[in-house]
Structures are given as C-alpha cells and as structure tokens.
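Written out below as structure tokens is the structure these notes cover.
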Amino acid sequence: MPRPIEALIHQSALAHNLARARAAAPDARVWAVVKANAYGHGIENAYPALRAADGIACIDLNEAQRLRALDWRGPILLLEGCFETRDLELCSRLKLWHAVHCEEQIDWLAVHKTHEPHRVFLKLNSGMNRLGFTPTAFRAAWTRLNALPQVDEISLMTHFSDADSLRLGADGIAHQLQVFQTATRDLPGEQSVCNSAGTLRHAERAGGDWVRAGVMCYGGVPDFPEHDAAHWDLQPAMTLRSRIIATQTLKPGDTVGYGSSFRCEGEMRIGIVACGYADGYPRHAPTGTPILINGRRTHTVGRVSMDMLTVDLSGMPEAGIGSEVTLWGHGPQGSVLPIDEVAHAAHTIGYELMCALARRVPVTVHGL
Ligand SMILES: Cc1ncc(COP(=O)(O)O)c(C=O)c1O
745 MPRPIEALIH
755 QSALAHNLAR
765 ARAAAPDARV
775 WAVVKANAYG
785 HGIENAYPAL
795 RAADGIACID
805 LNEAQRLRAL
815 DWRGPILLLE
825 GCFETRDLEL
835 CSRLKLWHAV
845 HCEEQIDWLA
855 VHKTHEPHRV
865 FLKLNSGMNR
875 LGFTPTAFRA
885 AWTRLNALPQ
895 VDEISLMTHF
905 SDADSLRLGA
915 DGIAHQLQVF
925 QTATRDLPGE
935 QSVCNSAGTL
945 RHAERAGGDW
955 VRAGVMCYGG
965 VPDFPEHDAA
975 HWDLQPAMTL
985 RSRIIATQTL
995 KPGDTVGYGS
1005 SFRCEGEMRI
1015 GIVACGYADG
1025 YPRHAPTGTP
1035 ILINGRRTHT
1045 VGRVSMDMLT
1055 VDLSGMPEAG
1065 IGSEVTLWGH
1075 GPQGSVLPID
1085 EVAHAAHTIG
1095 YELMCALARR
1105 VPVTVHGL
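Sequential numbering from 745 applies to the sequence shown in the numbering used here.
Next up, the structure:
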C-alpha cells in the first residue's frame, strides 16, 4: 500500500484559466508561462491544456527542449534569454525566441553563426531592477541589435514589480508603464509587458501585443487577498490530498509535535495526516492553517514535520483513519481549498507552494 498522499493535475482547470487570460486581454496574444516545470504541475502534464496558448514561455533550455519533444511548433520564448554563448546554437536549432537584457547577450549574438536569424525580445529595466537595459541604454541596444544579421525581429518587453498591489497607489504600474512608453516611443516591434496581475488588472491599458500569463493559468491569484480565485474566476489546477493515518485524544495541557508549540486547553481529538514538508507542504505553516477533512474545513495544530502534520478534529466525530484530507485544491463533494489561503496563512504565496511540490509525491493527471 503506497503512502496515501497524491497530487492531482486538472487539465480542464488549466484550459479554463488560460481562457480567462484570453478573455482578460482580448486584443493580445497569450504566452502560457511554464517555467519551474509549469509551476510545479509538470510541463508534460500541463501541455495538453496549455497548447491552446499562442506561445509558451519558459526559462530553461531544457524546458524548451521538452516542449519541442512534445511537438510544440509554435513560439517559445526564453524569458531570461541565454545564459552563455553556446545556448544560441540551441536557440537556432529549436527556433527559440529569446529575451535580450544585457550587452553581453548582444555580444554573443554578434559572433553567433546561424542561417536562421533570431527573433528577440529586448528587455527594458523600467524599475524592477532585476533584468533589462536602463531607459538611457535601451535605444542604443535596439540599434545594435537591429544592425545584426543574426536578428530578424525585435520585440519590446518589460516586467512590472507591483502590478498585483496597491503599494504604489491605486495603480501599481503607472510609473513603469510611463518609463516603458517613453523608452520605446517610435520604436517598431511588438510589445509585451503584462504578467498575470497585469493581465487581470491592467490589460485594457497595458495589454500590448502579448501578455505573459503564469500563475493565473494554474489557478493561483496574483493579488490575493485583495482578490480571490472566485473574483477572477480561476480554478485550482493542482490538488494536494492525503489521508488521516492516526488519531489521538488529548487532555488539557497536552502538547503536539516537535517543540510542543501547540498546547491544548481542553480535551480534543486530533488527526495525523500523511503529509509533511518533504512533500512540499510549508513547514512554517502555523497552527490555524486551513485544511479540509472529508471536504469540511478545519485547521492544523502544532508544527509541520517531515512526513506528517496534525489537524484539529473537534466537532468531527466521523473523521478517523482513512479520512480524506485536502491540503489544497479540490476536495470531495465540490469543496475547494484555494492554495492562496494556505499560502497566506503560511506567510507565503501560492506560487511558492505549487512550485515546491516534492518529487516523491505521486501525480495523477485528470484529462481534458
Ligand atoms: C518576465 C516574466 N514574465 C511573466 C512572468 C509570469 O508571472 P506570473 O506568474 O505572475 O503571471 C514571470 C514570472 O515571474 C516573469 O519573470
């Protein structure tokens, strides 16, 4: 009997969420972002649904190779471009489009021997200060690229730091959008600026020619808790579920787990769940993190350990060994526990939880 934990990947949810990106930015084409192994869902598992996108964006050449092996013939964009000069050979061979964010990447292109000129996405650092040319260096970079026989089309991109939030005022993108518009004024080429948050919140103004939909394809909400999945009509594409493998009845003053961080005030029943941080569940999830038992909501108690965690079974006399536990995603009888709620309780974001699904967790794919 295998350990009862498993992850389910819901391809119909991926398809639905991708359609939501299209609907949110009807004038743009959509990149489905599949970096980090499709945000933990598995590129091969997600592909049958995400192949409906106009292009697929990733980070690693390995991911691009896997997409071509799946027979994806459409555009692939390397969001960070090449990491060294020889990566360009694979770009030529696999017809990959790639970001160009620094002078060195232009130097590599300039000495690259190819019969297949490349399409590149020239990246502006409009304020995020990770990748990209500064506004003052941007035009010179464009001119340099434009003169290279190795390049046949230059598109223009930037990335927002606050498209998901109100930190920079009611509109988190205004400043960066202005910087982008100024730096690219009169330059030809398609434009791409929006991630999921930009797509959902700002596409009318900033949609451009291509949006880059990442977490929303997987049902993650980029601006939780301001908005939730129901607000944006997104469906969980990953369920993590397990079972109760033991119960304990505790007396007042008893403690639970490592560090005795939870002490019970009155008599209570707890369930021990076959899921721990070695499965990808966040160790820092505190007492009170939401969880479903047989589709009913309760919460964790005590510390998460490597292979187990504990839940409050108060008011759930029917729960016992074998009861179904939903860590996130779809539970029985139509119940749902959004990954964002679990992430929020654990002081992180849904992105991190889905990407951290551990290799030891068996994955079952629910087809389209
Ligand atoms: C350049 C770029 N575009 C798009 C995305 C997708 O972002 P999200 O998952 O928030 O949609 C990312 C992810 O970090 C990114 O780095």
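Even glycine gets a Cβ: it sits at the ideal position worked out from N, Cα and C.
Residue 947 is positioned such that its CB atom lies closer than 7 Å to that of residue 768. In terms of side-chain proximity, the C-beta atom of residue 966 is found nearer than 6 Å to a non-hydrogen atom of ligand 1.
In the three-state DSSP reduction, residue 867 falls in the strand class (E or B). Pairing residue 1049 with residue 1020 gives a Cβ-Cβ distance under 7 Å. Contact annotation: the region 947 to 957 touches the region 769 to 784, with at least three C-beta pairs closer than 8 Å.
Within the region 900 to 973, the beta strand (DSSP E) runs of at least 3 residues that lie entirely inside it are, in chain order, 935 to 938, 954 to 957. Within the DSSP bridge table, the entry for residue 775 names 799, 956 as partners. Annotated three-state conformation of residue 1010 is coil, per DSSP. Between residue 990 and residue 967, the C-beta gap is not smaller than 7 Å, which leaves the two residues out of contact.
The beta carbon of residue 964 lies closer than 7 Å to those of 1083, 1084, 1094, 1095, 1098 in the same chain, with the five residues before and after it left out. Relative to ligand 1, even the nearest heavy atom lies 6 Å or more away from the CB of residue 758. According to DSSP, residue 985 shares a beta bridge with 750, 1070. Taking the Cβ atoms as the reference, residue 1060 lies roughly 14 Å from residue 1016, outside the contact range of under 8 Å. Within the region 1056 to 1101, the alpha helix (DSSP H) runs of at least 4 residues that lie entirely inside it are, in chain order, 1083 to 1089, 1094 to 1099.
Residue ranges of uninterrupted beta strand (DSSP E) with 3 or more members, entirely inside the region 820 to 872 and ordered along the chain, are 820 to 822, 841 to 844, 862 to 867. Proximity of the beta carbon of residue 916 to ligand 1 is not indicated: no heavy atom of the ligand is located closer than 6 Å. The beta carbons of residue 1035 and residue 1043 sit about 6 Å from each other, so the pair counts as a contact at 8 Å. Between residue 1106 and residue 746, the beta carbon gap of about 7 Å places them in contact (Cβ cut-off 8 Å). Assignment of residue 815 by DSSP, reduced to helix, strand and coil, places it in the coil class. Using a Cβ-Cβ distance cut-off of 8 Å, the region 999 to 1008 and the region 973 to 981 are not in contact, since fewer than three pairs of beta carbons, one from each stretch, lie closer than that value.
When the Cα atoms are used, residue 781 and residue 984 turn out to be separated by approximately 17 Å. Closest in alpha carbon position to residue 858, among 836, 995, 877, 931, is 836. About 6 Å separates the beta carbon of residue 1046 from that of residue 1005, a gap short enough to meet the 8 Å contact definition. The bridge partners DSSP lists for residue 1043 are 1034.
In the DSSP annotation of this structure, the continuous segment of the beta strand (DSSP E) that includes residue 1110 starts and ends at 1107 to 1110. According to DSSP, residue pairing for residue 990 in a beta bridge involves 1016.
With contacts defined as CB atoms closer than 7 Å, residue 838 and residue 808 qualify as a contacting pair. A distance below 6 Å between beta-carbons, with the five flanking residues on each side excluded, links residue 829 to the following residues of its chain, in chain order: 852. Residue 924 is positioned such that its CB atom lies closer than 7 Å to that of residue 870.
Shown here for residue 886: same chain residues with a beta carbon closer than 7 Å to its own, the five before and five after excluded, namely 866, 898, 931 in chain order. Membership of residue 791 in the alpha helix (DSSP H) is indicated by the continuous run 787 to 794. Short note on residue 844: C-beta not closer than 6 Å to any heavy atom of ligand 1.
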